[in-house]
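Undergrad:
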Amino acid sequence: VTEWTSWFNIDHPGGNGDYERLEAIRFYYRERVCSRPVAMEARTTDWVAAADTGEVVHSSLEKGFWCINKEQPSGRSCSNYH
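In case it helps, the UniProt record's numbering puts the sequence shown at residues 1 to 82.
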């Protein structure tokens with residue numbers, strides 16, 4: 001059975017960026033994360049889809065989701081994602 005989990009937010013964009021690593025999410029929420037994700041969705045904590053922020057973001061079903069501050073245009077910092 002495939003179903004969406006609740007949203008996870010284990011990091012904040014201070015420092016180098018916002019890193020929602022699947023390994024860390026599994027550590028904290030072991031029973032709520034499947035062993036082989038088939039899809040991933042990321043939104044800011046204001047519910048804006050990652051694709052609509054204009055930020056440079058990365059995602060991988062093996063690693064998770066991340067946004068690196070120094071990759072953002074015009075010296076911006078990453079949003080806080082979950």
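The beta-carbon is built from N, C-alpha and C at its ideal position, and this holds for glycine as well. None of these values were measured; they are calculated from a predicted model.
#1: Taking the CB atoms as reference points, tell me whether R43 and A49 lie closer together than 7 angstroms.
#2: Measure how close the beta-carbons of S79 and P13 come, nearest whole angstrom, since I'm counting them as under 8 angstroms.
#3: For R21 versus G75, is the C-beta spacing smaller than 7 angstroms?
#4: How many angstroms separate the CA atom of V38 from the CA atom of E23?
#5: Within its chain, find whatever has a CB closer than 6 angstroms to the CB of E62; leave out the 5 residues flanking it on each side and keep chain order.
#6: Just the Cα atoms here: how many angstroms apart are I68 and T2?
TA: Short version:
#1: Taking the first residue of the sequence shown as 1, we reach residue 43 at position 43. Taking the first residue of the sequence shown as 1, we reach residue 49 at position 49. Yes.
#2: As a first step, residue 79 is located in the sequence shown; it is residue number 79 there, counting from the start. As a first step, residue 13 is located in the sequence shown; it is residue number 13 there, counting from the start. Between the beta-carbon of S79 and that of P13 there is about 6 angstroms, and that keeps the pair under the 8 angstroms contact cut.
#3: Numbered from its first residue, the sequence shown carries residue 21 at position 21. Numbered from its first residue, the sequence shown carries residue 75 at position 75. Judged by their CB atoms, R21 and G75 are not nearer to each other than the 7 angstroms cut-off.
#4: Reading the sequence shown from its first residue, position 38 is the one you call residue 38. Reading the sequence shown from its first residue, position 23 is the one you call residue 23. For V38 and E23, the distance between alpha carbons rounds to 16 angstroms.
#5: For the purposes of this step, residue 62 is taken as the residue at position 62 of the sequence shown. Listed in chain order, the non-local C-beta contacts of E62 below 6 angstroms within the same chain number zero, local neighbours out to five positions each way being set aside.
#6: Within the sequence shown, numbered from 1, the residue matching residue 68 stands at position 68. Within the sequence shown, numbered from 1, the residue matching residue 2 stands at position 2. Per the coordinates, the alpha-carbon of I68 lies some 30 angstroms from the alpha-carbon of T2.
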